[in-house]
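Peer 1: In the numbering used here, the protein residues as written are 398 to 530.
The beta carbon of each residue, even a glycine, is placed where N, CA and C say it ideally should be.
All of these numbers come straight from a predicted model, not from anything done at the bench.
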Amino acid sequence: MSWQVYVDNLMADGSCQDSAIVGCTDAKYVWASVPGGTFVNITVDEIDVIVGKDREAFFCGGLILGQKKFSVIRDSLHSDGDWTMDIRTKSQGGDIMDLSSISGIFQIKKANQIPFDLKNRLVLHQIGFGDNI
Numbered sequence: 398m399s400w401q402v403y404v405d406n407l408m409a410d411g412s413c414q415d416s417a418i419v420g421c422t423d424a425k426y427v428w429a430s431v432p433g434g435t436f437v438n439i440t441v442d443e444i445d446v447i448v449g450k451d452r453e454a455f456f457c458g459g460l461i462l463g464q465k466k467f468s469v470i471r472d473s474l475h476s477d478g479d480w481t482m483d484i485r486t487k488s489q490g491g492d493i494m495d496l497s498s499i500s501g502i503f504q505i506k507k508a509n510q511i512p513f514d515l516k517n518r519l520v521l522h523q524i525g526f527g528d529n530i
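1) Can you tell me the Cα-Cα spacing of residue 413 and residue 459, whole angstroms?
2) List the endpoints of the continuous alpha helix (DSSP H) containing residue 447.
3) Once you ignore the five residues that flank residue 436 on each side, which residues in its own chain have a CB closer than 6 Å to its CB?
4) Grouping DSSP H, G and I as helix and E and B as strand, with all else coil, what is residue 405?
5) Leaving out the 5 sequence neighbours to the left and right, which residues in its chain are closer than 6 Å to residue 401 when beta-carbon positions are compared?
6) With DSSP as the reference, label residue 458 as helix, strand or coil.
7) If you draw a straight line from the alpha carbon of residue 406 to that of residue 399, how long is it in whole angstroms?
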């Protein structure tokens, strides 16, 4: 199964609005993503911040992914048995509702415990959207 097929499966039931698989140790780039989504634009520098040792800086200043700012709600990315980070966007306000202006909750999962070879990859997906938060 290709990485894009895995992302497509995450998106299939409509509960996910964006998803990506990102290399986080070697080959630091987006391996698969939703075309046109926020996560398609994640940079090496952004990956380094997510997996880096400084866990305090993004609690104060936020986290940038794909040129979009996120607030970190919970960081257990390096915690055995959890390996997740919950982040959220902030609504930009206004009357026009599109993906870039709707607030959402996202989860980053370190893929060590996924049952096929995604080791040392990050799986990013949106788990809440708009009024569902």
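Peer 2: Taking the structure as given:
1) 22 Å
2) Taken as a continuous stretch (DSSP letters only), the alpha helix (DSSP H) holding residue 447 covers 441-448.
3) 415, 417, 430, 463 and 521
4) Three-state result, residue 405: helix.
5) 429
6) helix
7) 11 Å
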